[in-house]
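Trainee: Sharing a structure, written as structure tokens. Questions coming.
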Amino acid sequence: MQQTIVLFALGSRGDIQPCVALGQGLAARGASVRVIAAARYANLIAAAGLDPAPLSVDPADLLNTEEGQELLAGGRNPVRFLRGMKRVLGPLAERLLAEIRTAARGADLVLAPSAGWLGEHLGEHLGIPSAVVHYQPSHPTRAFPHPLVPQARRLGPWGNRLSFQAVDLIAWLLAGRFINPWRRAELGLPKASALGLMRRVYRERPALCCFSPTVVPRPRDWPSNVHLTGYWFLDEPDYRPSDELVAFLEAGPPPVYVGFGSMVPAEPEATDRLVRAAIRMAGVRAVIMGDPKNTPVSSDEDIMVVEDVPHSWLFPRMAAVVHHGGAGTTAAGLRAGVPTVVCPFFGDQPYWGERVAALRAGPAPIPFRTLSVRTLAEAIRQSMHDPTLQLGAKNTGHRLSQENGTAMACDVIESLLTRRS
């Protein structure tokens with residue numbers, strides 16, 4: 001009997017694509033895969049042969065609101081970040097939870113990110129196994145602090161470990177006020193406590209870490225239920241670029257990519273002017289990933305603006321990539337083997353910028369709020385001309401090309417279903 005696996009992809013495109021890649025791998029092994037995501041990604045999911053379960057709320061749209069802009073300005077302060085998430089999502093929580101419950105019906109296994117531990121609640125309600133998906137290190141360890149709390153490093157190994165528990169505790173204090181009423185009224189479950197949830201999730205639930213041991217070496221104290229699988233890359237071999245893009249790439253030396261994903265700067269036109277000035281100061285050509293709703297879309301002789309080109313196709317053709325440091329975009333840049341400049345906005349993005357620098361695959365990250373024409377131009381020039389960064393990027397890309405994180409994750413999931421049957 002075919003088994004149904006439900007994947008929660010609650011985020012931007014960078015969160016959706018790994019889930020689609022994983023879903024394709026599971027479908028190839030005979031599973032029926034349903035992906036819960038914002039409605040704008042339904043075509044992407046369906047084109048991969050998976051079943052989309054559209055949500056009525058799009059996180060990218062939420063970032064355009066006043067609350068969303070405050071969230072982007074929150075930087076790396078974990079309390080401010082989590083409170084910002086509550087302000088953005090709180091008014092929509094009841095509707096989202098109802099849609100998620102409906103979409104999970106009939107599942108034999110649920111996989112969900114750690115936010116709110118939604119997979120844990122639904123697995124308990126449906127009487128099925130669940131697993132947690134991590135896009136950044138989120139399981140307690142003494143080796144390093146939580147990506148949102150780098151200051152904990154000063155407190156030593158136990159401070160590092162406690163930082164993960166502190167982030168999860170704060171997150172539950174904010175989310176629990178919405179989720180516990182949902183558990184009681186809709187799922188027929190008793191009230192959950194933070195400590196009880198953390199105990200089960202940390203010790204018992206399989207955790208699939210969608211990042212590479214090349215980028216984040218596995219800590220020795222992670223238990224066996226934590227699986228560091230490697231990245232889940234969604235390649236699009238059938239993609240055909242426009243004639244204009246091909247002509248631009250062939251007209252000169254490899255350009256630099258600049259794009260900030262779903263991050264929407266408070267002043268997009270000012271950001272566009274800054275980026276163009278930095279490109280010209282650095283003396284390079286560029287491909288800018290733009291959204292006509294937020295970014296002027298005019299191309300010049302040395303700058304081409306594109307709207308939707310797969311990173312897997314575009315990045316290997318670049319001389320360097322400049323982006324916000326989202327987990328998925330960082331992974332794509334590193335696999336391409338070209339230097340990466342990270343300009344983080346908030347959340348885990350500064351952490352990924354630091355990992356890029358630690359791998360010597362790019363210069364030190366430049367927080368977006370401090371970005372200037374000079375600092376961006378200097379970082380681009382350093383990426384283009386520093387042989388250490390060129391070699392570090394090339395070596396990292398080679399190592400990532402040897403990994404198959406999707407296959408490893410599928411193996412883990414198959415073992416869960418086998419144990420249940």
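When the letters of the sequence shown are read in order and numbered with full-length UniProt numbering, they come out as residues 1 to 421.
All C-beta atoms, glycine included, are put in the ideal place defined by N, C-alpha and C.
Taking residue 106 as the reference, give the member of 148, 267, 268 and 3 with the closest Cα.
Mentor: Counted from its first residue, the sequence shown places residue 106 at position 106. It is 3 whose Cα lies nearest to the Cα of residue 106.
Trainee: Can you check whether the CB of residue 182 is closer than 7 Å to the CB of residue 97?
Mentor: To locate residue 97, count along the sequence shown from 1; it is residue 97. To locate residue 182, count along the sequence shown from 1; it is residue 182. For residue 97 and residue 182, yes; Cβs fall inside 7 Å.
Trainee: Would you identify the three-state DSSP class for residue 312, choosing helix, strand or coil?
Mentor: As a position in the sequence shown, residue 312 is number 312, starting the count at 1. In the structure shown, residue 312 sits in a helix (DSSP, three-state: H, G or I).
Trainee: For residue 43, count the other beta carbons within 10 Å of its own beta carbon; 16 or more makes it buried, fewer makes it exposed. Which is it?
Mentor: Here residue 43 is taken as the residue at index 43 of the sequence shown, counted from 1. Counting Cβ neighbours within 10 Å, residue 43 comes out exposed, since fewer than 16 surround it.
Trainee: Residue 347: buried (16+ other C-beta within 10 angstroms of its C-beta) or exposed?
Mentor: Locating residue 347 in the sequence shown gives position 347, where the first residue counts as 1. Buried, by the Cβ-count rule.
Trainee: Take residue 229 as the anchor and find which of 240, 217, 267 and 193 has the nearest alpha-carbon.
Mentor: Indexing the sequence shown from 1 puts residue 229 at position 229. It is 217 whose Cα lies nearest to the Cα of residue 229.
Trainee: Using the three-state DSSP reduction, which class does residue 34 fall into: helix, strand or coil?
Mentor: For the purposes of this step, residue 34 is taken as residue 34 along the sequence shown, with counting starting at 1. Three-state result, residue 34: strand.
Trainee: Which partner residues does residue 322 have in the DSSP bridge list?
Mentor: Against the sequence shown, residue 322 aligns to sequence position 322. According to DSSP, residue 322 bridges with 258 and 341.
Trainee: According to DSSP, is residue 272 part of a helix, a strand, or is it coil?
Mentor: For the purposes of this step, residue 272 is identified with residue 272 of the sequence shown, where counting begins at 1. Helix, per DSSP.
Trainee: Which residues in the same chain have their Cβ closer than 8 Å to the Cβ of residue 281, if we skip the five residues on either side of it in sequence?
Mentor: In the sequence shown, residue 281 corresponds to position 281, counting from 1. Correct list, in chain order: 373, 374 and 377.
Trainee: Give, in chain order, every unbroken run of the beta strand (DSSP E) that is at least 3 residues long and sits entirely within the stretch 203-231.
Mentor: Counting only runs of 3 or more, we get 207-209 and 226-228.
Trainee: With respect to the beta strand (DSSP E) encompassing residue 113, which residues constitute its N-terminal and C-terminal limits?
Mentor: In the sequence shown, residue 113 corresponds to position 113, counting from 1. Here the beta strand (DSSP E) through residue 113 covers 109-113.
Trainee: So, does the stretch 231-238 touch the stretch 326-335, judging by three or more C-beta pairs under 8 Å?
Mentor: They touch, by the three-pair rule.
Trainee: So, using beta-carbon positions, are residue 208 and residue 112 closer together than 7 Å?
Mentor: Reading the sequence shown from its first residue, position 208 is the one you call residue 208. Reading the sequence shown from its first residue, position 112 is the one you call residue 112. No, Cβ-Cβ distance for residue 208 and residue 112 is not below 7 Å.
Trainee: Could you spell out the range, first to last residue, of the alpha helix (DSSP H) harbouring residue 383?
Mentor: If you number the sequence shown from 1, residue 383 lands on position 383. First-last of the alpha helix (DSSP H) with residue 383: 373-385.
Trainee: Quick check on DSSP: helix, strand or coil for residue 134?
Mentor: Residue mapping note: residue 134 aligns to position 134 of the sequence shown, counting from 1. Residue state, collapsed to three classes: strand.
Trainee: For residue 385, count neighbouring C-beta atoms within 10 Å of its own C-beta (all shown protein chains included) and say buried if the count is 16 or more, exposed if not.
Mentor: Here residue 385 refers to the residue found at position 385 of the sequence shown. The residue is exposed, with fewer than 16 neighbouring Cβ atoms inside 10 Å.
Trainee: Taking the alpha-carbon of residue 284 as reference, which of 268, 319 and 315 has the nearest alpha-carbon?
Mentor: Residue mapping note: residue 284 aligns to position 284 of the sequence shown, counting from 1. That would be 319, whose Cα lies nearest to the Cα of residue 284.
Trainee: Does DSSP classify residue 179 as helix, strand or coil?
Mentor: For the purposes of this step, residue 179 is taken as the residue at position 179 of the sequence shown. DSSP places residue 179 in helix when its eight states are reduced to three.
Trainee: Is the beta carbon of residue 352 sitting closer than 7 Å to the one on residue 325?
Mentor: Start at 1 with the first residue of the sequence shown, and residue 352 comes out as number 352. Start at 1 with the first residue of the sequence shown, and residue 325 comes out as number 325. Yes.
Trainee: Note down, in chain order, each residue of its chain lying with its Cβ closer than 6 Å to the Cβ of residue 16, except the 5 sequence neighbours on either side.
Mentor: Within the sequence shown, the letter at position 16 stands for residue 16. Contacts found: 9, 37 and 41.
Trainee: Alpha carbon to alpha carbon, what distance is there between residue 136 and residue 220?
Mentor: Sequence index remark: in the sequence shown, residue 220 carries index 220 (1-based). Sequence index remark: in the sequence shown, residue 136 carries index 136 (1-based). Those two C-alpha atoms are separated by around 17 Å.
Trainee: On the premise that residue 396 lies in contact with residue 358, defined as a C-beta separation below 8 Å, what is that separation, rounded to the nearest angstrom?
Mentor: Position 358 of the sequence shown, counted from the start, is the residue given in the question as residue 358. Position 396 of the sequence shown, counted from the start, is the residue given in the question as residue 396. Contact flag wrong, Cβ pair sits at about 10 Å.
Trainee: Does the separation of the CB atoms of residue 366 and residue 343 fall below 7 Å?
Mentor: In the sequence shown, the residue the question calls residue 366 occupies position 366. In the sequence shown, the residue the question calls residue 343 occupies position 343. Cβ distance < 7 Å, so residue 366 and residue 343 count as in contact.
Trainee: Between the stretch 140-147 and the stretch 114-129, are three or more C-beta pairs nearer than 8 Å?
Mentor: No, because fewer than three Cβ pairs between the stretch 140-147 and the stretch 114-129 fall closer than 8 Å, the two stretches do not touch.
Trainee: Would DSSP call residue 6 helix, strand or coil?
Mentor: As a working mapping, residue 6 is identified with position 6 in the sequence shown. Strand.
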